[in-house]
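Heads up, the sequence shown is in this note's numbering, so the first residue is 6 and it goes up one at a time.
Here a beta-carbon is modelled for each residue, glycine too, at the ideal position from N, C-alpha and C.
Source: prediction; values computed, not measured.
Please read the structure below before turning to the comments.
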Amino acid sequence: MSLPCKIVASFLLIFNISSKGAISKDVRNALEVWGALGQDINLDIPDFQMSTDIDDIKWEKGSGKKKIAQFRKKKFTFEEKDAYKLLENGTLKIKHLKMDDQNTYKVSIYDSEGKSVLEETFDLKILERVSKPVISWTCVNKILTCKVMNGTDPELNLYQNGSNLSKGSQRVITYKWTPRLSRKFNCTASNKVSEEYRVVDVSCPEKRLDIYLIVGICGGGSLLMVFVALLVFYISKRKKQSRRRNDEELEIRAHRVANEERSRKPHQIPASTPQNPAASQHPPPPPGHRSQAPSHRPLPPGHRVQHQPQKRPPAPSGTQVHQQKGPPLPRPRVQPKPPHGAAENSVSPSSN
C-alpha cells in the first residue's frame, strides 16, 4: 500500500471517530422528550425568546443532519409540510408521530450578524399510550386484580382512600383486602405519555341462603321422605304377603297330615275287632223281627249248640266314634229262647 493511500485512510478513520464522539456527546447532552404514538408533539426551545435580531432558525434530524425546517430572514424558506411545521416562536411541531420519528433533533439559531445564539438537541422517544385498566376480584379469596392490556412500559398503582396499596411496573398487580377496610378501589395505569384510571366499588353477596335454594332443599327433602315412606310400605306389604303365604302353606300341610293320620286309623281297626265281622258291620234287626231259619236241613242237636247266639263283644270306642254319625240307633229287644221241641216242630213244617 502506497504512502498517499495510508495517509488518506488514516484521515478518514480519525474523522469518523471524531464525528462519532461528537454525536454521542450531543445525544448525551440532549433533552429527552417523550411522544405518544399517533399524536402530535411540539419541540419547544427552552430559555429562548423570539426577537428581531434573530435572522436564522434551522432544524435538523438525526446524525446525518437532515434539514427538515428553516426560518430565515423573517420567512419560512424550507419545511416538510406533511410531517413538520415551524411555528413563529421557533418551535418545531411534528405531526402524527410514527415509530420512525423516534430520533434526535437539533436546532441552531443565529442573529443577523451570523453569530450563533443557541444550539439545542432533543432526543425524541415514541411510546404507545396505555389503555384503561381492568379490575376484577374474587369474593371467596378476597383478592383484587388490576391489569392493563395496551401501552408501552406501563406502571400500575392501586389506591384506597388516597393511600397507595400496591404498585408495579408490570401489566398485572394483585391485592388481598380485608373485610374491615373500605371496598372502594382506584387503579391507575400510566407511562411517560399517558395515564388512565378506573374506580370500582367491590361488592360481594352476603352468606345467606337464596329463596330458590331453600325451596329446592325443601322440595327435595319432601320427595325423599315420600320415597322412603313408599319403600317402607312396599317392604312391609311384601313381608306380610310372604308371612301369610307361609301360614297358608303350614295350614295346608297340617290339614294334609291330619287327613293322612285319619286315613291310616281304619286300617288298624280289624286287629281289635271280633271274629264275626258280619255282626260288627250290619246293624241289629229292628225290634219284633224274627229271623228265619235257613232252608237247609236242621243239624243234629249236638251241632245246634254251636249256632246258638253268642254274646257280641263291644266294638272299640274309636270305631264307634269314627263310624257312628248322627243320633244313636235303638238297641234290639232280647227275645226269650224257645224250647228245643218247639224249635224242631217249627222247622219241620217248613222243610216239608
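Sub-8 angstroms separation of residue i and residue j beta-carbons
| i | j | result |
| --- | --- | --- |
| D116 | V122 | yes |
| E125 | V112 | yes |
| I99 | L42 | no |
| C151 | C209 | no |
| W142 | Y110 | no |
| V135 | S174 | no |
| F81 | I140 | no |
| A74 | L102 | no |
| P138 | A194 | yes |
| D60 | K78 | yes |
| L149 | T179 | yes |
| G67 | N108 | yes |
| V153 | R176 | yes |
N- and C-terminal bounds of the beta strand (DSSP E) containing residue i
| i | result |
| --- | --- |
| I140 | V139 to T143 |
| A41 | L36 to A41 |
| T157 | No beta strand (DSSP E) contains T157, which DSSP labels as neither H nor E. |
| T150 | I148 to K152 |
Local conformation of residue i per DSSP, three classes
| i | result |
| --- | --- |
| R77 | strand |
| R134 | coil |
| L48 | strand |
| N251 | helix |
| D206 | strand |
| V220 | helix |
| S56 | coil |
| L102 | coil |
| K70 | coil |
| K181 | strand |
| K189 | strand |
| G226 | helix |
| K120 | coil |
| Q246 | helix |
Opposing strand residues paired with residue i [DSSP bridges]
| i | result |
| --- | --- |
| V112 | W64 and E125 |
| K172 | N162 |
| L91 | L97 |
| E201 | A194 |
| F83 | Q75 |
Nearest residue (CA-CA) to residue i, options the options
| i | options | result |
| --- | --- | --- |
| L161 | I131, R267, K147 and K197 | K197 |
| Y1 | G69, M154, R269 and D206 | Outside the shown range of the chain (6 to 357) lies residue 1, about which nothing can therefore be said. |
| S56 | I114, K66 and D158 | I114 |
| E51 | V38, D45 and Q44 | Correcting the residue type first, residue 51 is Pro in the shown sequence and not Glu. Ranking the options by Cα distance to P51, first place goes to V38. |
| N166 | D158, R188 and K181 | R188 |
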